[in-house]
Every structure is written in C-alpha cells, then in structure tokens.
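Let me begin by presenting the structure, written as structure tokens, before commenting on it.
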Amino acid sequence: MPKKINVAVAGASGMVGGELLDLLEKRRFPVGEFLPFNSGRKAGAVTFGKKKHLCRKPSFAALKKADLVFFASTDDVSERFAKKLAAAGVWCIDDSSRFRLDKTVPLVIPEVNAAAIEPGRRLIAGPNCTLTGAAVALHDIHKKFRIEELRIATYQAVSGAGKSAMRQLEAELKYYLKRGGAPELKYRKFPHPIAFNLFPQVGGFDRNGVSVEENKVEAELKKIWASPRIKISVTAVRVPVLRGHSLSIWAKTRRRWTPAALRSTLAKTPGLEFFSDPYKYPTPLAAVKTSGVKAGRLRVSGTSPREFQLWIVSDNLYKGAALNSVEIAEYLVKNELL
Ligand SMILES: NC(=O)c1ccc[n+]([C@@H]2O[C@H](COP(=O)([O-])OP(=O)(O)OC[C@H]3O[C@@H](n4cnc5c(N)ncnc54)[C@H](OP(=O)(O)O)[C@@H]3O)[C@@H](O)[C@H]2O)c1
Numbered sequence: 011m012p013k014k015i016n017v018a019v020a021g022a023s024g025m026v027g028g029e030l031l032d033l034l035e036k037r038r039f040p041v042g043e044f045l046p047f048n049s050g051r052k053a054g055a056v057t058f059g060k061k062k063h064l065c066r067k068p069s070f071a072a073l074k075k076a077d078l079v080f081f082a083s084t085d086d087v088s089e090r091f092a093k094k095l096a097a098a099g100v101w102c103i104d105d106s107s108r109f110r111l112d113k114t115v116p117l118v119i120p121e122v123n124a125a126a127i128e129p130g131r132r133l134i135a136g137p138n139c140t141l142t143g144a145a146v147a148l149h150d151i152h153k154k155f156r157i158e159e160l161r162i163a164t165y166q167a168v169s170g171a172g173k174s175a176m177r178q179l180e181a182e183l184k185y186y187l188k189r190g191g192a193p194e195l196k197y198r199k200f201p202h203p204i205a206f207n208l209f210p211q212v213g214g215f216d217r218n219g220v221s222v223e224e225n226k227v228e229a230e231l232k233k234i235w236a237s238p239r240i241k242i243s244v245t246a247v248r249v250p251v252l253r254g255h256s257l258s259i260w261a262k263t264r265r266r267w268t269p270a271a272l273r274s275t276l277a278k279t280p281g282l283e284f285f286s287d288p289y290k291y292p293t294p295l296a297a298v299k300t301s302g303v304k305a306g307r308l309r310v311s312g313t314s315p316r317e318f319q320l321w322i323v324s325d326n327l328y329k330g331a332a333l334n335s336v337e338i339a340e341y342l343v344k345n346e347l348l
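Each residue of the sequence shown is one higher than the one before, counting from 11 in the working numbering.
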C-alpha cells in the first residue's frame, strides 16, 4: 500500500483546479485527506473521489493540515501562504506566476529539469503555460546544438486566462450566431471581442511595449534551461481557441545540424510527440486532454542554414499547468521526498 498523502488544492473550483482533481483521480495519486479551497466569495463545491466537497476560503491553519498543497488560484494567494507553508514543512506546487523567477524557488518541468528539485526547497513553481511547449520540444535540440536565438509567435487559447475568459468567448459566440456582431458584456476579461477575432496582447505592456506574457516566456525559458544568454523574442497573440496553445518558432543554433539529425533528436525528446510527415501537424483541438507536447512542420528557415522552424502545440491546462504539477508531485513520491 503506498503511503497516503493529504492534499490541499487552492483554486479547486477553477480551470486548472478542475483538471488537477481529475488528473489526481485518473493517475491514482495516493490522496489521503482531500482539502479544496476557493475564493470564498460564493459557496462552491467540487467532486473528488465520487464525493462532493465544500470549498472554503484558504487560511494558513487549514492549508497546513496538508502534506502537499497545489496552488492554482492567484498570485496573491500564493504570496500569502506558499513560502510560509514550505518553511513549516509542507510541499507546495505553485501554478501562479508569483515565485517563478524567485532565485530560491525551482521552476520545474520534470522531463526538462527535475534535477532542480531538492529536499530542502519545498516550494516548487510550475512555468507559464505558453513556454512549456517550447521548453519541452526544444530542450534536447538546445542541449545538442545550442540554440542562440529563438523567435516565437504564439496563438494562445482563451482558457489560458481562466474560467471568466472561457465564459466571454462562449457568450460572444452565442450572441454572434443569434444576432451577429459583438455583445455589450457587463464584464470583459479581454480588451477586445475575442469571437472571430484575435489580438497581439496577452497582459499589459511595459514601457518598451513588451507584454507581460512576452516577458514571462523570455525570462522563464532562460531560467528553466539555465541559459541566461540565449536571445529570445516573442509576439504573444490571443486567438479564439478554447483550449491549447500553439507556437510558431524560429530557432538559430550555434552548432551545425542536418534536418535528419534534428528529426532524430525530436523523435527521441522526452515528453514530445514529433510528427515528421508535414501533413500530420498537431492542432489545439487534437491536443485537448492529451499529455505531453506535440510538434510538426519542421523545416530549414529561409534566413540562415543554422535556423530551423517548428510548429508546437500543447494543452495549456494539462502540460501547461495541472499535468505538469501532478507530474512534479509524482516525482516527489517516486523519489521518497513526500
Ligand atoms: N489557465 C491556464 O492555462 C493556466 C496555465 C498555467 C498557470 N495558470 C495559473 O493557474 C492559476 C489558476 O488559473 P485558472 O485558469 O484555473 O483560473 P480560474 O479558472 O479563474 O480559477 C481561479 C481559482 O482561484 C480561486 N480564487 C480566486 N481568488 C481567490 C482568493 N482570493 N482566495 C482563494 N481562491 C481564490 C477561484 O475561486 P472561485 O471559484 O471562488 O472564484 C478559482 O478556484 C493562476 O495563477 C494562473 O495564472 C493558469
């Protein structure tokens, strides 16, 4: 019998939280006591282990009853509790962006940098859902051929912005199909209508005109690959897809390669499903609720013989968040850290 682990989920009623509960059950994570939390703004319940559980507002005392806390709510909730809980001996896996760039907190994708996990550092961050695809798909190529420059254009699903963003797209679609045009919504998650539209803005802009998301992708990818000198340039675009982030990437390497060497590296990269047939490229719809990252349309770029292009897709709620967190937890159990 595996040891039972008391698990708390802050944000159990959210998009990532819902997938987390589902994955913990599907993957038979040895959950003992189960403690779900929401904002407490309205009564909410979640189903886990075939039982309904009432969600509560999180407090330090209530969270501390767990051996492991998944944070899938807001930066502020992670800020208030995660470091204190970790110092008190509770393992914390944080999907918010609050500690991702904190030098004392490992930022982890198990198949890329599990070695960053240490017994003494009980707070572990999971990365932004957008860069996960690139971090996994290009990791082995980076190790072998050293990527020097990386250009990324993103095509990001609305679920990346949480359940209220999904509701905005659904409401706009219904209105458009019934009456045409865009509705006047009381609350908008996005700066523009998203149904039948797209816009090059994910988060606010800094003084140089770079968006929050573009900065996150650059900084977090450098940290995960431990490659601070790599040059990364990103354009993040929100598209009317419900689930699944796609990336079009251009990568220039220091070392030379042949297309065959790239293909064989991609085919063996852990966590990646590589499609070498150009007609079998991955799409966000086909990636929904699938584990791992998918890539296709590999080609030599027209601008340099050391630059190649690749199309990458991953489910932002799975490998981009909940699945990655559950895999971190499984790593802790497997290595007897938890
Ligand atoms: N969506 C993605 O693809 C994705 C990917 C990677 C990381 N993340 C990160 O994961 C976290 C959750 O994202 P999400 O998309 O699941 O958001 P979401 O669908 O909006 O859900 C947010 C969850 O947090 C809870 N919450 C909000 N304010 C709270 C508070 N003050 N105290 C306690 N709980 C609170 C909500 O409870 P109520 O139900 O009561 O409102 C809900 O359960 C965010 O930090 C996000 O940046 C998301």
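From the three backbone atoms N, C-alpha and C, an ideal C-beta is built for every residue, glycine too.
Closer than 7 Å: residue i CB and nearest ligand 1 heavy atom
i: Leu327; result: yes
i: Gly143; result: no
i: Ala76; result: no
i: Asp105; result: yes
i: Lys184; result: no
i: Thr84; result: yes
i: Asn123; result: no
i: Pro68; result: yes
Pairwise C-alpha distance: residue j and residue i
i: Arg266; j: Phe70; result: 53 Å
i: Ile119; j: Gly190; result: 43 Å
i: Leu111; j: Asn225; result: 11 Å
i: Leu34; j: Gly312; result: 45 Å
i: Pro315; j: Leu295; result: 33 Å
i: Pro40; j: Lys13; result: 7 Å
i: Lys67; j: Arg90; result: 13 Å
i: Tyr186; j: Pro193; result: 8 Å
i: Phe47; j: Thr275; result: 42 Å
i: Ala236; j: Val222; result: 21 Å
i: Ala97; j: Ala167; result: 36 Å
i: Ala163; j: Leu45; result: 39 Å
i: Gln211; j: Glu346; result: 43 Å
i: Val310; j: Ala271; result: 12 Å
Best match in the options for proximity to residue i [C-alpha to C-alpha]
i: Arg108; options: Val87, Ser335, Lys184 and Ile119; result: Val87
i: Lys299; options: Leu34, Leu333 and Phe47; result: Leu333
i: Glu159; options: Phe209, Glu283, Ala20 and Ala261; result: Ala261
i: Leu257; options: Pro137, Arg264 and Asn326; result: Asn326
i: Pro269; options: Glu317, Arg161, Gly27 and Ala53; result: Glu317
i: Ala18; options: Arg38, Gly59, Phe81 and Lys154; result: Phe81
i: Gly143; options: Val336, Phe47 and Lys329; result: Lys329
i: Val336; options: Glu29, Gly21 and Phe47; result: Glu29
i: Ser301; options: Lys188, Arg37 and Phe206; result: Arg37
i: Asp104; options: Asn138, Leu31 and Ala126; result: Asn138
i: Thr57; options: Ala72, Glu43, Asp32 and Leu179; result: Asp32
Own chain partners of residue i with C-beta closer than 6 Å, once the 5 adjacent residues on each side are dropped
i: Pro292; result: Lys304, Gly306 and Val323
i: His149; result: Val122
i: Leu141; result: Val227, Glu230 and Leu231
i: Ser286; result: Arg273
i: Ala126; result: Pro116 and Val118
Assigned exposure category for residue i - 16 Cβ within 10 Å defines buried
i: Tyr10; result: Within the shown structure, residues of the chain are numbered from 11 to 348, placing residue 10 beyond reach of any answer.
i: Arg132; result: buried
i: Pro116; result: buried
i: Tyr197; result: exposed
i: Arg248; result: buried
i: Arg51; result: exposed
i: Phe215; result: exposed
i: Arg239; result: exposed
i: Thr114; result: exposed
i: Arg253; result: buried
Sequence-distant residues of its chain with Cβ nearer than 7 Å to residue i (five each side left out)
i: Ser243; result: Arg161
i: Trp101; result: Asp77, Leu78, Arg132, Leu342 and Leu348
i: Gly24; result: Ala82, Ser83, Gly172 and Lys173
i: Ile234; result: Leu117, Ile119, Val122, Asn123, Pro137 and Ala145
i: Gly27; result: Val19, Gly21 and Ala82
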